[in-house]
Amino acid sequence: MSAPTNRVAPWEDFALRLIAIYKLLHAAFFIAVGFGLLRLRGHGGDVVEFLNVHIIIPYHLNPENRLIYWLLEKADTLTSHKLLLLGYAAFFYAALFAAEGIGLYLRKHWAEYVVIIVTGSLLPLEVYELFVKLAWWKFAAVVGNLLIVGYLVHRLLLDARFKARQNCEKPPRSTGDDPPRAGG
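Residue numbers for the sequence shown follow the working numbering, beginning at 3 and rising by one.
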């Protein structure tokens with residue numbers, strides 16, 4: 003028997019590993035966000051005071067700035083219960099991104115499907131956000147996610163063709179119940 007052929011070129015392996023590291027960085031970010039939200043909840047849930055003491059005053063930010071004012075206004079609506087739910091949501095996303103990243107790093111097909119489904123399902127929202135307010139980072143995120151989904155779909159299609167070709171090349175298995183051949 004011959005050794006199985008390698009169906010992933012070195013550059014494809016590098017691309018899968020790069021996407022995996024990108025997903026693992028997302029997981030680390032959401033873990034940090036989750037712990038940060040739970041820590042804010044531990045401070046009594048007064049997010050406005052926390053932002054004033056630890057960010058706005060030390061960094062000399064103008065609280066009358068439109069963005070800072072909006073941030074403080076939104077932070078004022080956060081209750082302890084909302085912080086807890088947001089923290090759990092952040093940990094859920096962290097677990098999802100970690101599973102995607104580890105699965106892709108180990109070159110598991112289920113991870114490719116999960117990334118396509120999850121990332122592809124969020125693309126319409128990202129495109130909508132891009133049209134609501136155009137920003138370079140939103141555009142970069144949409145293009146990056148489109149490239150990831152497109153590449154993984156391409157990989158899965160190539161793999162399906164490879165498996166179909168292998169199945170066509172295999173001779174049929176003999177069960178021993180075959181009738182004797184004529185002429186032989």
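Every residue gets a Cβ at the ideal spot worked out from N, C-alpha and C, and that includes glycine.
Checklist entry - How long is the line joining the alpha carbons of Ala-113 and Ala-17, rounded to whole angstroms? => result Using only the alpha carbons, I get a separation of about 14 Å.
Next on the checklist: Quick check on the burial criterion: 16 or more other C-beta atoms within 10 angstroms. Buried or exposed for Leu-124?
Outcome noted: Looking at its Cβ environment, which holds fewer than 16 other Cβ atoms inside 10 Å, Leu-124 is exposed.
Next on the checklist: Quick check on the DSSP output: what are the complete alpha helix (DSSP H) runs of length 4 or more inside the region 104–158, in order along the chain?
Outcome noted: With a minimum length of 4 residues, the continuous alpha helix (DSSP H) runs that stay inside the region 104–158 are 111–134.
Checklist entry - Quick one, which of Tyr-24, Trp-13 and Asp-15 has its alpha-carbon nearest Phe-99's? => result Measuring C-alpha to C-alpha distances from Phe-99 to each of Tyr-24, Trp-13 and Asp-15 identifies Tyr-24 as the nearest.
Checklist entry - Thinking C-alpha only, which one of Lys-110, Gly-44, Asn-54 and Ile-59 is nearest Thr-81? => result Comparing Cα-Cα distances from Thr-81 to each of Lys-110, Gly-44, Asn-54 and Ile-59, the minimum goes to Gly-44.
Item to check | Residue range of the unbroken alpha helix (DSSP H) whose run includes Ile-23 | outcome: Counting along the chain, the alpha helix (DSSP H) containing Ile-23 begins and ends at 12–44.
Next on the checklist: Is the separation between the beta-carbon of Val-49 and that of Ala-92 shorter than 8 Å?
Outcome noted: No, the Cβ-Cβ distance between Val-49 and Ala-92 is not below 8 Å.
Checklist entry - Touching or not, the region 120–135 and the region 63–74, by the rule of three or more beta carbon pairs under 8 Å? => result With a cut-off of 8 Å, the region 63–74 and the region 120–135 do not count as touching, because too few Cβ pairs lie within range.
Item to check | Inter-residue spacing [alpha-carbon to alpha-carbon] between Leu-106 and His-28 | outcome: Straight-line spacing of the CA atoms in Leu-106 and His-28 works out to 14 Å.
Next on the checklist: If you reduce the DSSP assignment to three classes, tell me which class Leu-80 lands in.
Outcome noted: If DSSP states are grouped into helix, strand and coil, Leu-80 belongs with coil.
Next on the checklist: Using 8 Å for Cβ pairs, my map puts Ala-96 next to Gly-146. What's the rounded Cβ distance?
Outcome noted: Not confirmed; about 19 Å, so no contact.
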